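Asker:
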Amino acid sequence: MSNLHTVLENISRAAQAAGRSPDEITLLPVTKYYDLAQIQELIDAGVTRMGENRPQQLAERAQLFPQINWVMIGRLQTNKAGLIARYASECQSVDSVRLARALDRRLDRALPILLQVNISGEESKTGFAPQQVPEALEVAEGLEHLDVRGFMTMAPHSDDPTVARETFRKLRELRDKVAPTLPELSMGMSGDFPQAIAEGATIVRVGSALF
Ligand SMILES: *Cc1c(COP(=O)(O)O)cnc(C)c1O
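First residue of the sequence shown: 1, per UniProt numbering; consecutive thereafter.
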């Protein structure tokens, strides 16, 4: 049995605590740890959109479950851009101008994307540095097939919940400053989605809490 309903309840609770409507927040279930039976269970429970962090696995699962909108959330080498152009309904992990161009070249339809931002500056994390974002945005918005919808980030690992919250607040402030009309902020995972919701997340990507 999945914990889907508990996760949805916790999202609603976090939204209410933040004075937001739960309708403003979308759960993106992340299925990278789970097998096909578990994916089927989520489908039976009404899930229509799922996130994967490896292009090969996303492509395989998109062929097995074509009724699902598959969302790429992980690091993507430009030589795998073709797989995502073909099989993903959205890419939240565009972390370089080179990748944006590679995706655009391989697309023959519009692809919603988010620019991934490395707010914390950790070397282990991918993403644009905040100061690179205005220029990246200009390039991506000029590409024919990319539909830039907003930003994605990951918080550093920390036992201190205020560290994650600070990261999410900075992403929201960056969006408000450089692209106030872009609607989406994808931030928050199993361990920190309440803090992300408190700071304005519109998409939370939850994997390990689902089962
Ligand atoms: C795995 C993953 C998640 C989900 O993480 P959990 O901690 O398992 O909820 C979210 N975002 C990205 C980019 C991931 O790779």
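Beta carbons are placed, not taken as given, at the ideal position from N, Cα and C, and that holds for glycine. Source: prediction; values computed, not measured.
Find the nearest neighbour of Gln-116 within the set Ser-12, Val-148, Gln-63, Ala-164, judged by alpha-carbon distance.
Answerer: Val-148
Asker: Thinking C-alpha only, which one of Leu-185, Ser-96, Gln-16, Ala-129 is nearest Ala-140?
Answerer: For the residues Leu-185, Ser-96, Gln-16, Ala-129, the minimum Cα distance to Ala-140 belongs to Ser-96.
Asker: Sort His-145, Ser-2, Ile-197 by Cα distance to Ala-37 and report the nearest one.
Answerer: Ser-2
Asker: Tell me, to the nearest whole angstrom, how far the beta carbon of Ile-197 is from that of Gly-188; I am working on the premise that it is less than 8 angstroms.
Answerer: By a beta-carbon distance limit of 8 angstroms, Ile-197 contacts Gly-188. Their separation comes to about 6 angstroms.
Asker: Given this structure, state the Cα-to-Cα distance separating Ala-129 from Glu-138, to the nearest angstrom.
Answerer: 15 angstroms
Asker: Under a Cβ-count criterion, where at least 16 other Cβ atoms within 10 Å of its own Cβ denotes burial, should residue 227 be classed as buried or exposed?
Answerer: The requested residue 227 does not occur in the structure, where the chain is confined to residues 1 to 211.
Asker: Give the secondary structure of Ile-119 by DSSP, where H, G and I count as helix, E and B as strand, and everything else as coil.
Answerer: coil
Asker: Verify the contact flag: Ile-197, CB atom, against every heavy atom of ligand 1, threshold strictly below 8 angstroms.
Answerer: No, Cβ of Ile-197 sits at least 8 angstroms from all heavy atoms of ligand 1.
Asker: So, for Ser-186: in the same chain, excluding its five sequence neighbours on each side, which residues have a beta-carbon less than 6 angstroms away from its beta-carbon?
Answerer: Gln-92, Leu-114, Met-152, Ile-203
Asker: What does DSSP give as the partner residue(s) for Ile-113 in the beta ladder?
Answerer: Cys-91, Val-148
Asker: Name, in chain order, the residues that DSSP records as bridge partners for residue 212.
Answerer: Since the first residue of the chain shown is 1 and the last is 211, residue 212 is not available in this structure.
Asker: Let me know the secondary structure DSSP gives Glu-199 once reduced to three states.
Answerer: coil
Asker: Buried or exposed: which applies to Glu-90, given that a residue is buried once 16 or more other Cβ atoms fall within 10 Å of its Cβ?
Answerer: buried
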